[in-house]
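In my numbering, the protein residues as written are 9 to 258.
Rendered as structure tokens:
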């Protein structure tokens, strides 16, 4: 049966602070409770456990990307090789993607002054038919996707893209849809082109549209999953920034 996997950002997060250099921001949304996610006692590894199979786990930010293949109900992933920064973790289950935040910092007391205070952020998670599970985020999508320290921010305006990745292989088909920034798009395109040369990924399809107005686009996309195929609109470029069929569009 064709499965659609669609995720956006973290919903209802609680910040767990530790005296060492890694902070895990747990996803406490009801839809994410099936995935147990914690740091180990020495705070240098991520432990994931679920009743459903964990397919793979992706770690990424603007400058780093790491994919760990799991295909098991439980895994322990070392975090020692990761650089300092704030990362999004995508844990891919058989029927959904659950997102978690992780922060690796040099000085805990400087970076996180509220280690005993819960930080709850209202984000957005969509179900398999692009219906909103909870209300729209109070924090802007742009802020969550680019939450780096101000001293490290680029003065250039951020660009955002709507991505649809359809995976077709011997295990079945799945579709992932999400809003990402320029760096994530570049990595996804490079990875996709590489996968097209493999037996397992040669039938995959990737389509990317540049979004000009993220708030307007998401409001319309949530209410109408076919909105991205609109012929006329000002909120995004209807001509794909990249598509597998016309990969020379870049």
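From the three backbone atoms N, C-alpha and C, an ideal C-beta is built for every residue, glycine too.
Quick caveat: nothing in here was measured; it's all calculated off a predicted structure.
- Nearest Cα to residue 68 within the set 44, 97, 92 and 54: 97.
- Closest in alpha carbon position to residue 76, among 94, 57, 91 and 100, is 100.
- The beta carbon of residue 106 lies closer than 7 Å to those of 35, 40, 43 and 99 in the same chain, with the five residues before and after it left out.
- For residue 90, there is no enclosing beta strand (DSSP E), as DSSP gives it neither H nor E.
- Assigned with DSSP and collapsed to three states, residue 72 falls in coil, not helix or strand.
- 8 Å or more divides the Cβ of residue 213 from the Cβ of residue 244.
- When C-alpha distances from residue 74 are compared across 236, 199 and 33, the shortest belongs to 199.
- Apart from the 5 residues on each side of it in sequence, residue 167 sits with its Cβ closer than 6 Å to the Cβ of 190 in its chain, given in chain order.
- Contact between residue 187 and residue 222 holds, with the beta-carbon distance rounding to 7 Å and staying under 8 Å.
- With a 10 Å radius around the Cβ and a threshold of 16 neighbouring Cβ atoms, residue 247 comes out exposed.
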